[in-house]
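Take a look at the structure below.
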Amino acid sequence: MTRSFRRTPIFGNTTAQSESTDKRIANRRWRSAVRCALTAGEDDIPHRREKTNPWDMAKDGKRWMGRVARKRPAMMRK
Numbered sequence: 350m351t352r353s354f355r356r357t358p359i360f361g362n363t364t365a366q367s368e369s370t371d372k373r374i375a376n377r378r379w380r381s382a383v384r385c386a387l388t389a390g391e392d393d394i395p396h397r398r399e400k401t402n403p404w405d406m407a408k409d410g411k412r413w414m415g416r417v418a419r420k421r422p423a424m425m426r427k
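For the record, in the sequence shown the residue sitting at position 6 is 355 according to my numbering, with numbers rising by one throughout.
Spelled out as structure tokens, the structure:
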């Protein structure tokens with residue numbers, strides 16, 4: 350198994366496993382707004398950040414945990 354360990358010690362700042370559902374909802378909102386803008390004949394399409402706030406998602410960013418990961422190699426398992 351070549352990819353059974355993480356290569357970089359970057360982790361999310363929360364206990365949430367994934368924010369894929371949040372990303373799907375955000376992209377649906379944005380694509381819907383773009384479709385509405387194009388059918389209305391507007392010149393400018395809305396920016397992604399106008400429709401969603403990334404701070405409302407499950408994870409609050411990411412953090413480099415190099416020193417901690419060296420002390421606890423089990424953290425680097427996938």
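For each residue, glycine too, the CB sits at the ideal point set by N, CA and C.
Model, not experiment: these values are computed from the prediction.
- Per the Cβ contact rule, the region 364-381 is not in contact with the region 410-425 (fewer than 3 Cβ pairs under 8 Å).
- Residue environment analysis places A375 among the buried positions, since at least 16 neighbouring C-beta atoms fall within 10 angstroms of its C-beta.
- Where G415 is concerned, the enclosing alpha helix (DSSP H) starts and stops at 415-420.
- Taking C-alpha positions only, K420 is separated from C385 by approximately 52 Å.
- In the structure shown, R355 adopts coil according to DSSP, grouped into three states.
- The residues I359, G361, in chain order, have a CB closer than 6 Å to that of K411 in the same chain once the five nearest residues on each side in sequence are set aside.
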